[in-house]
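Have a look at the structure below before the remarks.
There are 2 protein chains.
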Amino acid sequence: MVRKFPEPDVFQANCPTQRVLETIADKWSVIVIYALSQQETRRYSELQRVIGGISQKMLTQTLRKLERDGLVDRKVYPVVPPKVEYSLTPVGHTLTELLKAICQWTQIHWDEIEAARVRYDQGSDP
Amino acid sequence: MVRKFPEPDVFQANCPTQRVLETIADKWSVIVIYALSQQETRRYSELQRVIGGISQKMLTQTLRKLERDGLVDRKVYPVVPPKVEYSLTPVGHTLTELLKAICQWTQIHWDEIEAARVRYDQGSDP
DNA sequence: CGGCATCCTAGAGGATACTG
DNA sequence: CAGTATCCTCTAGGATGCCG
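Just so you know, the protein sequences line up as chains A and B, in that order.
Position one of the first sequence corresponds to residue 1389 (this note's numbering), numbered consecutively onward.
Position one of the second sequence corresponds to residue 1389 (this note's numbering), numbered consecutively onward.
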């Protein structure tokens, strides 16, 4: 028996917006993508250095996830010592446009949000 | 002593894009905002019903967070039994525009992402 | 250099029960 | 009805150590 919803699937967790957010909206993905958008290619250690405070576990994990999603390209050079270069794919580049839109929204509305927070916190904790 | 960074704050976790994502990008926030965008006001129980599978803990927690950020308005009627109505604030409404943009990006690129995933998974697990 | 494997802990979040 | 409070679980993610 199939449950039928009158609404589109917006309320289900697999709605389009939900999907991207699951894809990119963690602390590190955005930062990694930014780091890659600033330069053609970045080496692993370069990313680690430029992104202060990321553990290599999370860096690797994030890069793997982005690579799996086809947003980041990973090129391994068969040299010793090892050399690996990361770069954004074409799809990855279109994603930076989206992030830019998000960034713009923030710049416009962030002051209001912070003000709202102050107001809220003052009201509940006088 | 203040630590000075040569880069702009894009790589720090508090960059603009990061901030919105921390604000809205959890499983439930998006769904709650969607639910509220479809109707002027929604009662608590109404939200709980329309959003399948959310616990009242998470619903309350999400609503409080959105209210604190000034994205959602909470109106309590002093009647018995209690009646509480939730609605989007003006800022909250502009946020739905942003979510729409995200949704559009997904609709354009999601097929590519899924295809990339299949390719990646086949390559690593033959 | 560019990782994986392991251990460990804090916090997210579900289930349940109670209340103004 | 619209929550709060408590417990309990499970996993994200840091720290550390080893390897090709």
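Cβ coordinates follow ideal geometry from the N, Cα and C atoms, glycine included.
Coarse secondary structure for residue i, derived from DSSP in three states
i: B:Ser-1443; result: coil
i: B:Asp-1499; result: helix
i: B:Ala-1489; result: helix
i: A:Asp-1414; result: coil
i: A:Pro-1396; result: Its pLDDT being 46, under 50, A:Pro-1396 is placed unreliably in this model, and the value from its coordinates should be taken loosely. If DSSP states are grouped into helix, strand and coil, A:Pro-1396 belongs with coil.
i: B:Arg-1505; result: helix
Contact under 9 Å by Cβ, residue i with residue j
i: A:Ser-1425; j: A:His-1481; result: yes
i: B:Arg-1407; j: A:Thr-1411; result: no
i: B:Arg-1430; j: B:Ala-1423; result: yes
i: B:Leu-1451; j: B:Arg-1462; result: yes
i: A:Pro-1404; j: B:Trp-1498; result: yes
i: B:Val-1420; j: A:Leu-1409; result: no
i: A:Gly-1441; j: B:Ala-1503; result: no
i: A:Leu-1486; j: B:Ile-1490; result: yes
i: B:Arg-1505; j: A:Arg-1505; result: no
i: A:Lys-1471; j: A:Val-1464; result: yes
Ranges of the beta strand (DSSP E) found wholly within the stretch 1420 to 1487 of chain A, counting only runs of at least 3: 1460 to 1465, 1471 to 1476
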